[in-house]
Amino acid sequence: MKRILFLLFTLILTGLFGVVVWMDTAREWTGYQRQFFHSLTRAERKGLAGGIHQVALEDLRRIDRCTTCHVAIDKPQLALAEQPFTAHPGTYLESHPPEQFGCTVCHGGQGLATDTKAAHGEVKHWEEPLLRGPLIQSSCYKCHGDVREIEPHAPRLVQGMTSYKQLGCAGCHTVNGFGQNVSVDLSDMGEKPWQLLDFTFVHGEERLSQWVEQHFQEPRRVTPGFRAQELPPGEEEIYPTFMPNYGLNEEQARALTVYMLSLKSQHLPAAYVHPPAPQEPEPVYASSVEAGKAVFQKFGCAGCHGLDGVGGRRSWNAWLGDEAPSLVPVAHYYDRQTLKEFIRNGRQPVPRSNPARPTPPLYMPAWKDRIPDAQIDQLVDYVLSLGEPLPGSPPANGAPQAAGGNP
Amino acid sequence: MADKDASPAVLQWFKKSKLWKSIFRHDFSDTPRTRLQRVFGNVFLHLHPVRTPKDALKVTYTWGMGGLSFYVFLLLVVTGILLMFYYRPTTIHAFQDMKDLAYAVTLGGFLRNMHRWAAHLMVVVVILHMVRVFLTGAYKPPREYNWAVGVILLVLTLFLSYTGYLLPWDQLALWAVTVGAQMAANTPVIGNEGPFRLPFVTTSNDARFGLIGGTMVGDSTLIRFYVLHCVAVPFLFCVFLCVHLWRVRKDGFSKQTGEKVDVWPHLVSREFLAALLVTIILFVWSMALPAPLEGIANLNVTPNPSKAPWYFLGLQELLVYFDPWIAGVALPGLIVAGLMAIPYVDTNPKGIGVYPAMGWKRIGPLRLWHPTERPFAVTVFMLGVVLWFALIFIGYYCRGPNWEWYMPGELWSHRRVTKLTLKNLPNFWGALLMLCYFLEGTPMPKAIKARLAAARGPNAPARISAAFHMGLGVVMAIALLLPLTTAPDAEYPLRSRYTTLFEALGHAPNAPFMSWLYRTVEALGPALGTGLVVACILALGGALGFLGLKFATFKDRMYDELGPVKYSLVMGLFLMMMGVLGKLALRLLFGMKYLITFPALSFNI
């Protein structure tokens, strides 16, 4: 009996060891390499080595083993039509030699891994998944400080940056020191750990890009807060995000997502970085109203007060019965001095319409430390020019008046 | 002599050569003489006796647990040494090396899986070995000392496993070690956050600092844990292991029945087969399941929940009910001390070398399966083991984000918010409750019984004992319910909505008994309500007193057998263990947080 068991166990263990060795030698990449080498003639095969290929990038602190499977990525003469044997499209590799840049610094993914799913970073516990589609354009901004240089290659990135300025995001958010601090600083949005985000209402995979894109499209679905009935008795309700819904279509949301993902605080070695373009001189405007409009654009007033100040965005305050901050009627209620002081000092917190509920999170911030005084004057001119004065009311851009005439 | 050697001539010639003879001192024929020579002529086998009783070889007696603990340790040493070739204990390399092992090193992933799973297996096997030794009474004289050495080996096993947990430098590692290190910070006297902290103890010289080599887990922790894991603890482990094995040999095996048989081949072959079987299991396990590896360690991102390694999860679960200095330091210390004390306080000489006989017993409507031999020892020990694993189970499977309760398999939600209303008993009443609880362990020695019987008649001892236990029970019930129903809520003295503890807990969903009582008292009105509270006090007090009284005779007998010192040790440890359950009940039924609290000293019970 014992002899049989001894024999049996030894046989099983030997067999298992064989299986382990076989599993180890028959990894996914060996199959790809075999497939690739079979497609080559003997002459083509010359000089090509099998095994794990890797690029060790000391400066970037990365090791990329992507070329283990993507064997022909820099050999267009050998490349095949199907993945992973294609050559790199375009002429990017000429300006970004792989031995200096590797792959993952642009494409994302897990350079150390050697099986497909893990290498593409599309597994749990890997923060940088492969950047598919236009998302890859977010990597350009790591080094190319001046995006206009590369606009033909990164149209979505430029579109996202433009939208960011146009929609007035800077009125609430800061990026690299410019913008208001009503809401979160976005300077390192592109490397925000996904564990810190709530994916309960996000469709699809738990990825930062998913969260950001869906939050752009429907902010209140992704961050709905807590209603009183969801909380234990006695707890104050938590409002949903006060980011307005800008009615972005999928393309605009994707472009903004690309821009958000490009915002990283990581420092690349100076040799890799192209400095941003020098600041352009301020254009000369025909009138102070024109100049004021530019100020309105630059500092992101449109974020809440709408494009051209005509329609206030419906913020959470508006939903609660607070003001929808359209600027058209401003001329009827404010004189120059009051309006200027109002912009300078802001109004915080906004008075509550319902004292039983928490303070609304959105408020008019103080601008005196951010907009130079002369520009505030121009801004006041612009805002007062927006509304048609009512018959009999004082002229909107007239001389400063006593505050008594206002409600 | 053996038959004529049938092997080829070359081999025969070789066997006669000087080279062969210098290595092998005996031939390999199966004779009694060579059987003996094989064991005592071999450095690896000579820890065995030459002959051993046949019954000791039965698999169902030892389950091979001791030998397997040793074998799995050897396996861990071998895989560990191989892993060390590929590992650099620095924060910028460690995690990358894990990835290299998984993706580039030949058999690297398999090696790491095997090391990881074998470590888990070793903890399990060592615990099971301890349970087996306890159940078969193998710790009793003359093996008391070896039991204590075994407990030290258990502690070292856990510490080996814990130090190894950090080395992959992923999120799992970082936060599990942070949880453990935080417990060290709560050590009484020498921990920065512990009770009775010495005046000069700060974050940069307390017990936590000593453990992790800094104020937060980082490079210095990694090198510290690396040295502990690869050199220091294995060295200590080997020292104690030598003593342990040597003493098994010297003190004799616990099973001494049956005729004696040769260790070679009977025991050695069994050991070999068991080792083969475990290796096969570990091979399959390592092929099927990769060792966990999460994202790279990041001090800025705390996973919610952060869990300790599973063998410490019971203690982490206890953090719900106790302050860290109790759950993380005092209780583990008591468990280890209690385990070591077992052979010295258990003076019952019976039950060596056999599993305790079990029988059925009726208690009221209940039919209990219980040990008929060594009933107290076996029941209490097994209760402790079951409690330990039940807490681990709860911590592992039933706790989600914010340490909220989820059923196993239920989906976690980061949006679930539960508000707990917990209240402290006023210190006086809490102290009274604890005092009465521990006084329930008081025995009535024979001498006092005799004197009482002489002075007050033959029934006097029984009557006094009944009065004593019932009285303690009622005082405990009063100390619990009276302040809960009458004391003001100290946390919100001025808030009109909650004015008394009773009202506060009356609205608390996590104090089912108190909220039921509150609602019923509200419905009944003041007179009937007071009556109900009094009835509750009497019922609870009666129940507690009855429980004490039920064990009165047993306590008295145990006291007479053990004497005052051993008795107080046993009873104290037993009451503390049951006290853990009591605190659980107080929290879950009555919504109570602390019995005694001195926030200025960070001393809370």
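The listed protein sequences correspond, in order, to chains A and B.
For the first sequence, this note's numbering begins at 1 and goes up steadily by one.
For the second sequence, this note's numbering begins at 1 and goes up steadily by one.
Ideal Cβ positions, reconstructed from N, Cα and C, are used throughout, including at glycine.
- Message: Taking only three categories from DSSP, how would you classify Ile190 of chain B?
- Response: Here DSSP, grouped into helix, strand and coil, assigns Ile190 of chain B to coil.
- Give a yes or no on contact between the region 332 to 350 of chain A and the region 358 to 365 of chain A, applying the rule of three or more CB pairs nearer than 8 Å. Yes, they touch.
- CA nearest to the CA of Trp169 of chain B, picked from B:Lys593, B:Leu276 and B:Gln96: Nearest option by C-alpha distance: B:Gln96.
- Bridge-paired residues (DSSP) for Arg606 of chain B: As shown, chain B starts at 1 and ends at 605. That puts residue 606 of chain B outside it, with no answer to give.
- Between Tyr71 of chain B and the rest of its own chain, which residues show a CB-CB distance below 6 Å, the 5 nearest in sequence each way excluded? Excluding residues within five positions, the ones whose Cβ falls inside 6 Å are Ala275.
- Item | Coarse secondary structure for Asn604 of chain B, derived from DSSP in three states | Three-state result, Asn604 of chain B: strand.
- Task: Report all residues from its chain with a CB closer than 7 Å to the CB of Asn397 of chain A; omit the five preceding and five following residues, and keep chain order.
- Result: The predicted position of Asn397 of chain A is uncertain, since its pLDDT is 46 and thus under 50; no value can be drawn from it.
- Three-state class that DSSP yields for Ile352 of chain B in the structure shown: Three-state DSSP puts Ile352 of chain B in coil, outside helix and strand.
- Message: So, at 7 Å on beta carbons, what are the nonlocal neighbours of Leu524 of chain B in its own chain, with the 5 sequence-adjacent residues on each side left out?
- Response: Excluding positions up to five away in sequence, the list reads Leu532.
- Amino acids of chain B, ordered along the chain, whose beta-carbon sits closer than 9 Å to that of Ile52 of chain A: Within chain B, the residues near Ile52 of chain A are Tyr103 and Ala104.
- Please check if any C-beta of chain A sits within less than 7 Å of the C-beta of Phe110 of chain B. Judged by the 7 Å Cβ criterion, Phe110 of chain B is in contact with chain A.
- Task: Reducing DSSP to helix, strand and coil, say where Asp170 of chain B ends up.
- Result: Three-state DSSP puts Asp170 of chain B in a strand.
- Would you grab the beta carbon distance between Ala185 of chain B and Val217 of chain B for me? Rounded to a whole angstrom, and I think it's under 8 Å. At roughly 12 Å, the Cβ-Cβ gap does not stay under 8 Å, so Ala185 of chain B and Val217 of chain B are not in contact.
- Can you tell me which of B:Gly545, B:Thr418 and B:Trp325 puts its alpha carbon nearest to the alpha carbon of Glu235 of chain A? That would be B:Thr418, whose Cα lies nearest to the Cα of Glu235 of chain A.
- In angstroms, rounded to a whole number, what distance separates the CA positions of Cys106 of chain A and Leu383 of chain B? Cα to Cα, Cys106 of chain A sits roughly 58 Å from Leu383 of chain B.
- Bounding residues of the alpha helix (DSSP H) (the contiguous stretch that carries Ile127 of chain B): Looking at the DSSP string, the run of the alpha helix (DSSP H) that includes Ile127 of chain B is Gly108 to Leu135.
- Query: Counting Cβ pairs, one atom from each stretch, are 3 or more of them under 8 Å apart for the region 475 to 495 of chain B and the region 421 to 433 of chain B?
  - Reply: Short answer: they touch.
- Query: Which of the three DSSP states, helix, strand or coil, is assigned to Ala403 of chain A?
  - Reply: In this prediction, Ala403 of chain A scores a pLDDT of 37, lower than 50, which makes its location untrustworthy; the coordinate-derived value is nonetheless stated afterwards. If DSSP states are grouped into helix, strand and coil, Ala403 of chain A belongs with the helices.
- Message: Helix, strand or coil for Leu19 of chain B? Go by DSSP, reduced to three states.
- Response: Here Leu19 of chain B sits in helix by DSSP.
- Task: Assign Pro407 of chain A to one of two classes, buried (16 or more other C-beta atoms within 10 Å of its C-beta) or exposed (fewer than that).
- Result: Reliability of the predicted coordinates at Pro407 of chain A is poor, the pLDDT of 33 falling under 50, and the value obtained from them is presented with this limitation in mind. Looking at its Cβ environment, which holds fewer than 16 other Cβ atoms inside 10 Å, Pro407 of chain A is exposed.
- Item | For Thr500 of chain B: DSSP bridge partner residues | Beta-bridge analysis with DSSP links Thr500 of chain B to B:Pro488.
- Query: For Gly111 of chain A versus Arg62 of chain A, is the C-beta spacing smaller than 7 Å?
  - Reply: Contact flag set, yes.
- Task: Pick out whichever of B:Pro265, B:Met287 and B:Ile326 has its Cα sitting closest to the Cα of Phe110 of chain B.
- Result: From the listed residues B:Pro265, B:Met287 and B:Ile326, the smallest Cα separation to Phe110 of chain B is found for B:Met287.
- Message: By the three-class DSSP mapping on this structure, what secondary structure does Val175 of chain A have?
- Response: Strand, per DSSP.
- Item | Cβ of Glu271 of chain B within 7 Å of any chain A Cβ | Closer than 7 Å: no.
- Message: Bridge partners for Phe55 of chain A per DSSP, in chain order?
- Response: The sequence given here places Val at residue 55 of chain A; Phe does not occur at that position. Val55 of chain A is bridged to A:Asp64.
- Message: For Met114 of chain B and Trp63 of chain B, what's the separation of their Cα atoms in angstroms?
- Response: Approximately 22 Å between the Cα atoms of the pair.
- Message: Less than 7 Å between the C-beta atoms of Cys140 of chain A and Val273 of chain A, yes or no?
- Response: When the beta-carbon positions are compared, Cys140 of chain A and Val273 of chain A stay at least 7 Å from each other.
- Message: Which residues of the region 230 to 256 of chain A have a Cβ closer than 9 Å to any Cβ of chain B? Give them in chain order.
- Response: Listed by position along the chain: Glu230, Leu231, Pro232, Pro233, Gly234 and Glu235.
- Of the residues A:Leu196, A:Asp74, A:Leu93 and A:Glu94, which one's Cα is nearest the Cα of Thr86 of chain A? From the listed residues A:Leu196, A:Asp74, A:Leu93 and A:Glu94, the smallest Cα separation to Thr86 of chain A is found for A:Asp74.
- Message: Give me the chain A residues within the contact set of Asp100 of chain B, using Cβ-Cβ distance strictly less than 7 Å, ordered along the chain.
- Response: Within chain A, the residues whose beta carbon sits less than 7 Å from that of Asp100 of chain B are Leu112, listed in sequence order.
- Message: Going by C-alpha to C-alpha distance, which of A:Ala113, A:Ala356 and A:Pro76 sits closest to Trp29 of chain A?
- Response: Among A:Ala113, A:Ala356 and A:Pro76, the Cα nearest to that of Trp29 of chain A belongs to A:Ala113.
- Alpha carbon to alpha carbon, what distance is there between Leu167 of chain A and Ser183 of chain A? Taking the straight line joining both Cα atoms gives about 15 Å.
- Indicate the three-state DSSP secondary structure (helix, strand or coil) for Gly473 of chain B in the structure shown. It is helical.
- By the criterion of Cβ-Cβ separation under 9 Å, what are the contact partners of Asp198 of chain A in chain B? In chain order, His414 and Arg415 make up the part of chain B whose C-beta sits under 9 Å from the C-beta of Asp198 of chain A.
- Item | Cβ pair Phe296 of chain A, Ile371 of chain A closer than 7 Å | No.
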